[in-house]
Amino acid sequence: MQPANLFLLTLVLAVLAYGFGYARSRSLAMPLGGIRHLKSLPFYYGARAALWSGIPALIVLGLWAAFQGKVIQLIVIGGLPPELAPQSEGQASLLLSKISNVASGALPAGFVEAPIAEAAERLQALRAQSRMLMSVLVVAVAVLAGFLGWLRIRPRLNARSQVEAILKWLFFACAALAILTTVGIIFSVAFETFRFFGKVPFLEFFFGSQWSPQTALRADQVAAEGAFGMIPLFTGTLLISAIAMVVAVPVGLLSAIYLSEYANRKVRGVVKPLLEMLAGIPTVVYGFFAALTVAPFISDLADSLGIDASSQSALAAGGVMGIMIIPFVSSLSDDVINAVPQSLRDGSLALGATQSETMKKVIFPAALPGIMGGILLAVSRAIGETMIVVMAAGLAANLTANPLETVTTVTVQIVTLLTGDQEFDSAKTLAAFALGAMLFLATLLLNVIALKIVRKYREQYD
Amino acid sequence: MTDQRSQAEIVRQSLKRRYRKERRFRAYGILAIGIALSALVILFTDIIGKGYTGFMKTSITLEVNLDGEMMYLDDPTDSRQLKMADFVEPLVQALIQEIPGATEEDRDEVRGLINPYASVTLRDALKQNPDWLNTTRTMTFLSHTDVDVYVKHAGDEGYSIKLDEQQKAWVDELLERGVIETGFNDVFFSGGDSRDPSKAGILGAIVGSLLTMFVTLVLSFPIGVAAAIYLEEFAPQNKFTDFIEVNINNLAAVPSIIFGLLGLAVFINLFGMPRSVPVVGGLVLTLMTLPTIIISSRAAIKSVPPSIREAAEGIGASKMQVVLHHVLPLAMPGMLTGSIIGMAQALGETAPLLLIGMVAFIVDVPDGFFDSATVLPVQVFLWAGSPELAFIERASAAIMVLLAFLISMNALAIWMRKRLERRW
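Residue numbers (the numbering used here), protein chains in the order written: chain A, 245 to 706; chain B, 671 to 1094.
Here it is, written out as structure tokens:
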């Protein structure tokens, strides 16, 4: 049975357990003189049986579904004759995809070696067996645990407190998933990053000024020796982010000031949602706009002025990214400006300062830490932004500060290295994870600092 | 006395300058808003201007003589024969009939007007209606992409017209006679991706998006609400709770591509799940949207006044009963609103899905959670990268469909907030 169907079946079994538990508690209560002699309401006896039946079964189902693919792969690869056994991980994945293609019928069995065809048959048999076993196991666990839960129903059993305790643990597990996700991110990038540093020296990665990850996939292939220096990628990322901030910070800040200090309710009610609309547009749309409208426009404009500009200039990607970040900056600064106590404003105005003087000399300095925090968050956003740069920035890792030239960024390289053909133990693929680790660390650092600043600032006026 | 007057004098003199400054500052604010709003307007007009033609198709209506001898076919129910038969010839002949002055010698040029898939359409029609053999039928076919581009964009410098002069003259003539027509592009909404722009549609991507969103919603909403309940109502004040909160806040600001790396390393490499399937996409997007949903759900729970809790506790409800019977129903509208906004974010997300292989070229509409699929934003990305301008117009059209989905989701959220949210 498919995991999705099995999931539904488990739910049905849990509902059944609920029904039986409910009925049993009532029938136990009958001779005592009604349900008021039970420790809990019949609902809780039923719910307890349902939880007993459902939770273990779902855990078994989840674990089985998560690991069956990997285990089957290992068994199939292990069962290959020694002359076909893969030498490296890359070969293994190639072989596996071949076998699964044969198994799914996409590749006729006659086209491959006999052991591969056999392996494909074994793969299919194993898959069927695994599905079978999983179904039997899950149903057995659900029925057995449900039966046990049903059996142990007693009038004096405090079902309510048990159900509540289980629910509380469930809620806790959901909240703890956030930690698990963070741990997952750290492990998935850290592990591959360490393997990467086993192949490429630490110093080359951090201080190398050459980036050309095109290494030879096969031994007989003619290709340049790969170079993994991340300096050009980080300068490229910083250049594009800087351009984005040059667009976003003044526009975002000034519109926030206007909206919070000058605009009347009506204008605010119209303009604010429109600005927020900019934040809701998917990044792929911005990327499309940058690559197909802004970039050609900039290069044509530069051409007509007699300047040489690339058709994938950093200016196009950065400018459009800036537009995307405007609402981010404006709504954060809006919050911060509104948090400045009215008494400061009134005091300044009472002394005869104009509104703009109040803004510049009183409110802005008071709000500055909060605004800085918001800007740092926006920078971290710009650094991690992917689709705009993938579509509008280039692939050439130039070490330049000229916004009309093409640069590449960390995120562009991650996407390029990890889409398309990949071999999982080559330095090329691992480099993507190393870049991911750097990206994660950089944004984490920015976020932690920014959140600290914002929080500290809030406490100041609370 | 004199000193004071001069002070006032100074102030009065500077007033003009100060007021000017004030006006200038205000103008800067208006300018900034103007820049932001005009960017929005330019973006929308650019996409609509590029893409509205994507909703139109160009078709050719022909009287096709389904002559068995010409097609080398005498039994349309025989699938072997159907495979071998020539379905291009009747189309070419029908078109030569329609074009005055076209002869057998022009057959290659004539053939260049019909879509390569037209013969497949004809074959499928014959397969379904075997009795059509040796009759003459009036049927409508897609035109060739080059004709489509010429009809829609003649005179537009950005587009390169690939038809030669003679073909252009023919198309003009056929347009006038109504043989070639433009109409609503139903193919765009009823098919999957294709190498041929006229045949490419977004149905596959829409279904892929819906499947992915379903997985995301089913997982992230209950988990997010449960986590929010725990953190707001049950969590003890200790280091571990703080740690969870810090984690959630940080995850909300982690770049989305990092979640793609997580999905690639954990779901695909560690668990051996297949690439480019909606389930894995949904799992990755779940992890990505969870912080958003948790944060908005917590805000919704916080807004339920303590008097409700106290009243329920006062009549003997347990903590869990207070939460499940009173706080949760009252906070539900706020939670739903936050989740819809989170879902809208997930729907537009592209980067993490690229890493888990949802960029594959997939022609078929996916029919399950474990079937290879692509999603709407990724389809836009794929088409936008194509050198053919006919695909660019379809990418813009797909963006319009995507934006329509997003705007309606956000409108729903706003409507729900206005309608259901209670002020205490």
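Cβ coordinates follow ideal geometry from the N, Cα and C atoms, glycine included.
Predicted, not measured: the structure shown is a model, and the values here were computed from it.
Open item on the list: Tell me the DSSP secondary structure of T655 of chain A in three-state form.
Closed with: Taking the first residue of the first sequence as 1, we reach residue 655 of chain A at position 411. It is helical.
Open item on the list: For L338 of chain A and A353 of chain A, I'd like the C-alpha separation in whole angstroms.
Closed with: Reading the first sequence from its first residue, position 94 is the one you call residue 338 of chain A. Reading the first sequence from its first residue, position 109 is the one you call residue 353 of chain A. Cα to Cα, the separation comes out at about 16 Å.
Task: 8 Å contact criterion, which I730 of chain B and F811 of chain B should meet: CB distance rounded - done: For this step, residue 730 of chain B is matched to residue 60 along the second sequence. For this step, residue 811 of chain B is matched to residue 141 along the second sequence. At roughly 5 Å, the Cβ-Cβ gap stays under 8 Å, so I730 of chain B and F811 of chain B are in contact.
Task: Three-pair Cβ contact test at 8 Å for the region 654–665 of chain A versus the region 597–616 of chain A - done: no
Open item on the list: What does DSSP give as the partner residue(s) for A471 of chain A in the beta ladder?
Closed with: Numbered from 1 along the first sequence, position 227 holds the residue referred to as residue 471 of chain A. Answer is A:S456, bridged to A471 of chain A.
Open item on the list: On the CB-based measure, 16 or more other CB atoms within 10 Å of its CB, does S557 of chain A come out buried or exposed?
Closed with: Counting from one through the first sequence, the residue named residue 557 of chain A turns up at place 313. By the 10 Å Cβ count, S557 of chain A comes out buried.
- [ ] Decide if I303 of chain A is buried, meaning its Cβ has at least 16 other Cβ atoms within 10 Å, or exposed.
- [x] Here residue 303 of chain A refers to the residue found at position 59 when the first sequence is read from its first residue. Exposed, by the Cβ-count rule.
Open item on the list: Just list the residues that DSSP pairs M726 of chain B with in beta bridges.
Closed with: On the second sequence, position 56 is the one that residue 726 of chain B refers to. BP columns for M726 of chain B point to B:F854.
Open item on the list: Under DSSP, the beta strand (DSSP E) around R807 of chain B begins and ends at which residues?
Closed with: As a working mapping, residue 807 of chain B is identified with position 137 in the second sequence. Start and end: T806 to L812.
Open item on the list: So with CB distances below 7 Å, who are the chain A contacts of V950 of chain B?
Closed with: Along the second sequence, one-based indexing puts residue 950 of chain B at 280. Listed along chain A, no residue sits closer than 7 Å to V950 of chain B by beta-carbon distance, the nearest being about 11 Å off.
- [ ] Using a Cβ cut-off of 8 Å (strictly closer), state whether G1012 of chain B contacts chain A.
- [x] In the second sequence, the residue the question calls residue 1012 of chain B occupies position 342. No - not a single Cβ of chain A is within 8 Å of the one on G1012 of chain B.
Open item on the list: Quick check on this structure: which residue in A:Q406, A:P359 and A:A369 has the alpha carbon closest to the alpha carbon of S348 of chain A?
Closed with: Walking along the first sequence from the start, residue 348 of chain A turns up at place 104. When only C-alpha atoms are compared, the closest one is A:A369.
Open item on the list: Could you check whether G721 of chain B and N855 of chain B sit closer than 8 Å to each other, using their CB atoms as the reference points?
Closed with: What you label residue 855 of chain B is simply residue 185 of the second sequence in a count that begins at 1. What you label residue 721 of chain B is simply residue 51 of the second sequence in a count that begins at 1. Their beta carbons are not under 8 Å apart, which means N855 of chain B does not touch G721 of chain B by this criterion.
Open item on the list: My assumption, with CB atoms under 8 Å, is that L1095 of chain B sits in contact with A795 of chain B. Please give the rounded CB distance.
Closed with: Since the first and last residues shown for chain B are 671 and 1094, residue 1095 of chain B lies out of range.
Open item on the list: Using CA atoms only, rank isn't needed, just tell me which of A:S574, A:R400 and A:F451 is closest to L503 of chain A.
Closed with: Translated into the one-based positions of the first sequence, residue 503 of chain A becomes position 259. Per the Cα distances, A:S574.
Open item on the list: At 3 residues or longer, what runs of the beta strand (DSSP E) sit wholly inside the region 712–762 of chain B?
Closed with: For secondary structure counted as the beta strand (DSSP E) over 3 or more consecutive residues, the region 712–762 of chain B holds these complete runs in sequence order: 726–735.
Task: Span of the alpha helix (DSSP H) around G322 of chain A - done: As a position in the first sequence, residue 322 of chain A is number 78, starting the count at 1. Residues P286 to G322.
Open item on the list: Using CA atoms only, rank isn't needed, just tell me which of B:Q837, B:V974, B:L1072 and B:G874 is closest to G524 of chain A.
Closed with: Here residue 524 of chain A refers to the residue found at position 280 when the first sequence is read from its first residue. Cα-wise, what sits closest to G524 of chain A is B:L1072.
TODO: Mind listing, in chain order, the continuous alpha helix (DSSP H) runs of no fewer than 4 residues lying wholly within the region 559–606 of chain A?
DONE: 586–594
Open item on the list: From the DSSP secondary-structure annotation, give me the bridge partner or partners of I918 of chain B.
Closed with: Position 248 of the second sequence, counting from 1, holds the residue named residue 918 of chain B. DSSP, once it has assigned bridges, lists no residue as partnering I918 of chain B.
- [ ] Out of A:V692, A:M603, A:T663 and A:G680, point me to the one whose CA is closest to I619 of chain A's CA.
- [x] Here residue 619 of chain A is taken as the residue at index 375 of the first sequence, counted from 1. Among A:V692, A:M603, A:T663 and A:G680, the Cα nearest to that of I619 of chain A is on A:V692.
Task: C-alpha distance - S830 of chain B paired with P517 of chain A, whole-angstrom precision - done: Counting from one through the second sequence, the residue named residue 830 of chain B turns up at place 160. Counting from one through the first sequence, the residue named residue 517 of chain A turns up at place 273. One C-alpha to the other measures close to 40 Å.
Task: Minimum C-alpha distance to G1018 of chain B - residue among A:M565, A:Y530 and A:E649 - done: In the second sequence, the residue the question calls residue 1018 of chain B occupies position 348. The candidate whose alpha carbon is nearest that of G1018 of chain B is A:Y530.
TODO: Would you tell me roughly how many angstroms separate the C-alpha atoms of A561 of chain A and R1064 of chain B, rounded to the nearest one?
DONE: For the purposes of this step, residue 561 of chain A is identified with residue 317 of the first sequence, where counting begins at 1. For the purposes of this step, residue 1064 of chain B is identified with residue 394 of the second sequence, where counting begins at 1. If you take the alpha carbons of A561 of chain A and R1064 of chain B, they lie about 22 Å apart.
TODO: Spell out whether any CB of chain A is found under 8 Å from the CB atom of D716 of chain B.
DONE: Stepping through the second sequence from its first residue, residue 716 of chain B is reached at position 46. At least one chain A Cβ lies under 8 Å of D716 of chain B.
- [ ] Identify whether I964 of chain B lies in helix, strand or coil by the three-state DSSP scheme.
- [x] Within the second sequence, numbered from 1, the residue matching residue 964 of chain B stands at position 294. The three-state reading of DSSP puts I964 of chain B in helix, counting H, G and I together.
- [ ] Give the straight-line distance between the Cα atoms of I299 of chain A and N1080 of chain B, rounded to the nearest whole angstrom.
- [x] Stepping through the first sequence from its first residue, residue 299 of chain A is reached at position 55. Stepping through the second sequence from its first residue, residue 1080 of chain B is reached at position 410. Taking the straight line from one Cα to the other gives about 35 Å.
Task: Identified DSSP bridge partners for I784 of chain B - done: Locating residue 784 of chain B in the second sequence gives position 114, counting from the first residue. BP columns for I784 of chain B point to B:S813.
Open item on the list: Can you look up A1030 of chain B in the DSSP assignment and give me helix, strand or coil?
Closed with: Here the question's residue 1030 of chain B lines up with position 360 in the second sequence. In the structure shown, the three-state DSSP call for A1030 of chain B is coil.
- [ ] Can you give me the Cβ contacts of I475 of chain A inside the same chain, cut-off strictly under 6 Å, excluding the 5 residues immediately before and after it?
- [x] As a working mapping, residue 475 of chain A is identified with position 231 in the first sequence. Closer than 6 Å at Cβ, skipping near neighbours: S453.
Task: Own chain residues within Cβ distance below 8 Å of L752 of chain B, not counting five before or after - done: For the purposes of this step, residue 752 of chain B is identified with residue 82 of the second sequence, where counting begins at 1. Result list for L752 of chain B: L743, P746, R793, L796 and K797, in chain order.
Open item on the list: Give me, in chain order, the residues of the same chain whose beta-carbon lies closer than 6 Å to that of S868 of chain B; leave out the 5 immediate sequence neighbours on both sides.
Closed with: As a working mapping, residue 868 of chain B is identified with position 198 in the second sequence. Cβ within range, chain order: N785, L812, T815 and D818.
Task: Minimum C-alpha distance to R396 of chain A - residue among A:L498, A:L272, A:I570 and A:G496 - done: For the purposes of this step, residue 396 of chain A is taken as residue 152 along the first sequence, with counting starting at 1. The shortest C-alpha separation from R396 of chain A is found at A:L272.
Open item on the list: Can you find the residues in the same chain that come closer than 8 Å, C-beta to C-beta, to A982 of chain B, ignoring five residues on each side of it along the sequence?
Closed with: The residue given as residue 982 of chain B occupies position 312 in the second sequence. Answer for A982 of chain B: Q991, V992, H995 and H996, listed in chain order.
Task: Length of the line joining the Cα atoms of L674 of chain A and L953 of chain B - done: Here residue 674 of chain A corresponds to residue number 430 of the first sequence, with the count starting at 1. Here residue 953 of chain B corresponds to residue number 283 of the second sequence, with the count starting at 1. About 23 Å.
Open item on the list: Tell me the residue span of the alpha helix (DSSP H) that contains Q246 of chain A.
Closed with: Counted from its first residue, the first sequence places residue 246 of chain A at position 2. No alpha helix (DSSP H) contains Q246 of chain A, which DSSP labels as neither H nor E.
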